[in-house]
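> Numbering (the working numbering), first residue to last: 115 to 420.
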Amino acid sequence: MKPVFKEAVWGGRKLRDDFGYEIPSDSTGECWGIGAQKNGDCEIAEGTYKGEHLSKLWEEHPELFGNEDGKYGKEFPLLIKIIDAKSDLSIQVHPDNAYAKEHENGSLGKTECWYILDSEPGTQIVIGHHAKDEELMQMVEEKRWKDLIREVPVKKGDFYQIDPGCVHAIKGGTVILETQQSSDITYRVYDYDRKWNGKLRELHVKQSLDVIKTPFQPAKDQRSITHTEGADLEHLETCPYYTVEKYDIHGTWDHVFEAGFVNASVIEGEGSINGRKIKKGDHFIIPADFGTCSFEGNLSLICSWV
Ligand code: ZN
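So, in structure tokens, the structure goes:
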């Protein structure tokens with residue numbers, strides 16, 4: 115895949131310095147590695163379909179994705195991003211499918227998950243809040259953000275599932291790989307009263323209060339590791355919208371991919387897959403029913419499928 119880059123007021127230059135991407139500026143926030151949304155429709159970088167957009171391939175070649183019967187939907191269902199937060203992102207929340215369908219022109223809601231690729235010492239992130247049911251509206255109205263917002267320390271290798279209705283924010287000094295439903299509906303709860311280019315950013319208080327779940331309950335930790343010859347396989351998450359796993363490959367590892375398509379991102383190291391070189395920062399899709407992939411090298415991948 116050929117990634118799409120997004121500049122952001124909170125972005126930095128780690129996507130170039132750490133991943134070797136050619137980024138548009140020193141405030142680049144996101145690398146959309148695998149995605150087919152209108153505002154970030156990745157191209158195929160090489161091979162038979164070089165230059166084609168993923169959305170077109172999804173439509174015209176459903177057999178590549180195991181989607182001949184349309185079971186994965188009309189649009190490519192997931193979006194894989196690497197995010198470089200130099201400063202704090204606004205505190206936000208996403209709706210679920212039902213709310214988005216009703217209030218956002220039939221759009222999908224958004225469930226997402228974060229694998230922490232890097233974080234500077236002492237960094238925290240926001241996951242959840244401290245309000246009891248009846249307190250939420252009052253705390254928001256009184257702007258008691260310090261009491262409301264639940265901050266947790268974060269380190270490389272941590273993983274968080276963010277369900278709809280969960281208040282969250284990535285804070286400055288964090289680099290993450292995000293796997294998410296392909297939706298862009300975000301409600302901004304609070305932006306630290308910051309001015310960007312002289313202006314406050316719009317908040318979506320009503321929608322946020324509609325969708326924030328109380329009391330906050332952390333997602334269940336599903337992590338488990340299986341050690342095999344050549345690779346350690348870690349299950350990170352299975353939810354109704356995706357499964358995410360991490361593969362740490364050391365040496366030679368053969369794996370049979372026999373169901374639907376698989377999104378893969380190399381997050382560390384380098385090596386090869388069926389003789390084709392891959393390295394940190396590469397994103398690719400393994401087609402449905404592909405069969406055996408032979409990996410070689412020392413590398414870590416994050417893979418996802420629906
Ligand atoms: Zn989010």
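Cβ coordinates follow ideal geometry from the N, Cα and C atoms, glycine included.
Quick caveat, the model's predicted, so the values are computed rather than measured.
Helix or strand or just coil, what does DSSP make of residue 412?
Numbered from its first residue, the sequence shown carries residue 412 at position 298. The answer is strand: DSSP assigns residue 412 an E or B state.
> Any chance the CB of residue 224 is under 8 Å from a heavy atom of ligand 1?
As a first step, residue 224 must be located in the sequence shown, where it is residue number 110. Yes; taking the cut-off as 8 Å, the Cβ of residue 224 has a heavy atom of ligand 1 nearer than that.
> Would you please state the rounded distance, in angstroms, between the beta carbons of residue 366 and residue 344? I believe it to be under 8 Å.
On the sequence shown, position 252 is the one that residue 366 refers to. On the sequence shown, position 230 is the one that residue 344 refers to. Right, the Cβ-Cβ distance comes to about 5 Å (below 8 Å), so this counts as a contact.
> Would you check if the distance between the CB atom of residue 326 and the CB atom of residue 271 is smaller than 9 Å?
Position 212 of the sequence shown, counting from 1, holds the residue named residue 326. Position 157 of the sequence shown, counting from 1, holds the residue named residue 271. No, the Cβ-Cβ distance between residue 326 and residue 271 is not below 9 Å.
> Going by DSSP, which residues form a beta bridge with residue 346?
Against the sequence shown, residue 346 aligns to sequence position 232. Bridge partners of residue 346: 341, 362.
> Give the DSSP bridge partners of residue 356, in chain order.
Here the question's residue 356 lines up with position 242 in the sequence shown. Answer by DSSP bridge pairing, in chain order: 353.
> Can you tell me whether residue 172 is buried or exposed, with buried defined as 16 or more other CB within 10 angstroms of its CB?
To locate residue 172, count along the sequence shown from 1; it is residue 58. It counts as buried.
> State the start and end residues of the unbroken beta strand (DSSP E) segment that holds residue 295.
The residue you call residue 295 lines up with position 181 of the sequence shown. Run containing residue 295: 288 to 295, per the beta strand (DSSP E) assignment.
> Is residue 208 near ligand 1 - that is, is its Cβ less than 8 Å away from at least one heavy atom of it?
As a position in the sequence shown, residue 208 is number 94, starting the count at 1. Indeed, a heavy atom of ligand 1 lies less than 8 Å from the Cβ.
> Following the continuous alpha helix (DSSP H) through residue 173, name the residue where it begins and the one where it ends.
As a first step, residue 173 is located in the sequence shown; it is residue number 59 there, counting from the start. Unbroken alpha helix (DSSP H) run through residue 173: 168 to 174.
> May I ask whether a heavy atom of ligand 1 can be found less than 8 Å away from the beta carbon of residue 399?
Position 285 of the sequence shown, counted from the first residue, corresponds to residue 399. Not so, every heavy atom of ligand 1 lies at least 8 Å from the Cβ.
> Among 307, 145, 284, 295, which one has its Cα closest to the Cα of residue 259?
As a working note, residue 259 is residue 145 in the sequence shown. Among 307, 145, 284, 295, the Cα nearest to that of residue 259 belongs to 307.
> For residue 212, count neighbouring Cβ atoms within 10 angstroms of its own Cβ and tell me buried if that reaches 16, exposed if not.
Sequence index remark: in the sequence shown, residue 212 carries index 98 (1-based). Exposed.
> Do you know offhand how far residue 254's Cα is from residue 262's?
Position 140 of the sequence shown, counted from the first residue, corresponds to residue 254. Position 148 of the sequence shown, counted from the first residue, corresponds to residue 262. Between residue 254 and residue 262, the C-alpha separation is close to 8 Å.
> For ligand 1, is there any heavy atom lying closer than 8 Å to the beta carbon of residue 300?
In the sequence shown, residue 300 corresponds to position 186, counting from 1. Answer for residue 300: yes, Cβ within range of ligand 1.
> Going by beta-carbon coordinates alone, are residue 290 and residue 229 separated by less than 9 Å?
Numbered from 1 along the sequence shown, position 176 holds the residue referred to as residue 290. Numbered from 1 along the sequence shown, position 115 holds the residue referred to as residue 229. Against a cut-off of 9 Å, the Cβ pair of residue 229 and residue 290 comes out as a contact.
> Give the C-beta separation of residue 371 and residue 407 to the nearest angstrom, bearing in mind that I take them to be a contact with Cβ-Cβ under 8 Å.
Residue 371 sits at position 257 when you count from the first residue of the sequence shown. Residue 407 sits at position 293 when you count from the first residue of the sequence shown. Yes, residue 371 and residue 407 are in contact; Cβ-Cβ is about 6 Å, under 8 Å.
> Compute the beta-carbon to beta-carbon distance between residue 361 and residue 347, rounded to the nearest angstrom, for a pair I have assumed lies under 8 Å.
On the sequence shown, residue 361 is found 247 positions in, with the first residue counted as 1. On the sequence shown, residue 347 is found 233 positions in, with the first residue counted as 1. 6 Å between Cβ atoms; contact.
> Does at least one heavy atom of ligand 1 sit under 8 Å from the Cβ of residue 78?
Look at the range of the chain in this structure, 115 to 420, and you will see that residue 78 is not part of it.
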